Each structure stands twice: as structure tokens, then as C-alpha cells.
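In the working numbering, the protein residues as written are 79 to 162.
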């Protein structure tokens with residue numbers, strides 16, 4: 079999952095800014111590339127793991143809706159779905 083927030087400007091070195099408009103969207107490097115290839119007509123599949131959590135469920139459903147085979151997408155009962 080990609081976690082995104084907006085800020086009023088780029089921070090200066092060492093500075094923290096308050097973010098707003100937080101959203102979580104399906105993403106990740108492998109998922110994004112598989113969806114892009116599927117949109118161009120390629121048969122795509124993803125071989126990966128997601129956690130047994132809401133983010134994992136959302137990623138699995140989003141990839142499937144966008145034409146990426148999720149038959150090899152495993153659910154890990156001991157780890158959470160990765161975020162960036």
C-alpha cells in the first residue's frame with residue numbers, strides 16, 4: 079500500500095511538516111508494474127505475500143480488478159502488509 083499525504087511545501091533539511099489529505103491507495107513497485115503491463119494488454123501475475131489484514135485484502139482485490147492474476151499472491155499470517 080502507498081500512504082500519501084500532502085504538505086504545503088517541501089521541508090527544509092531536518093525540518094518536519096504537518097501533512098494533510100492522507101490517503102492509502104493500492105500500490106507498491108511490483109503491483110504498479112503489473113497493473114501497467116496489464117493495461118497494455120500483457121498477461122500478468124504477481125508472486126508476492128501480503129498480510130492477513132485490511133491492506134492485504136484491498137491490494138488483492140485491486141490487483142484482481144485491474145487484470146493481474148493473484149493466484150500466486152500468498153497471505154502471511156505472521157506479518158503485516160508492507161506500506162511505503
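Heads up, the beta-carbon is just placed ideally off N, CA and C, and yes, glycines get one too. Keep in mind that this is a model prediction, so the values were computed, not measured.
Whether residue i touches residue j by CB criterion (8 Å)
i           : j           : result
residue 102 : residue 81  : yes
residue 128 : residue 138 : yes
residue 97  : residue 85  : yes
residue 116 : residue 151 : no
Residue interval of the alpha helix (DSSP H) (run including residue i)
i           : result
residue 135 : 132-143
residue 109 : 107-117
For residue j and residue i, believed in contact at Cβ under 8 Å, the rounded distance
i           : j           : result
residue 159 : residue 79  : 6 Å
residue 104 : residue 136 : 6 Å
First and last residue of the uninterrupted beta strand (DSSP E) at residue i
i           : result
residue 127 : 126-129
residue 81  : 80-84
residue 102 : 98-103
Okay, do the segment 112-123 and the segment 84-99 touch, 3+ Cβ pairs below 8 Å being the bar? no
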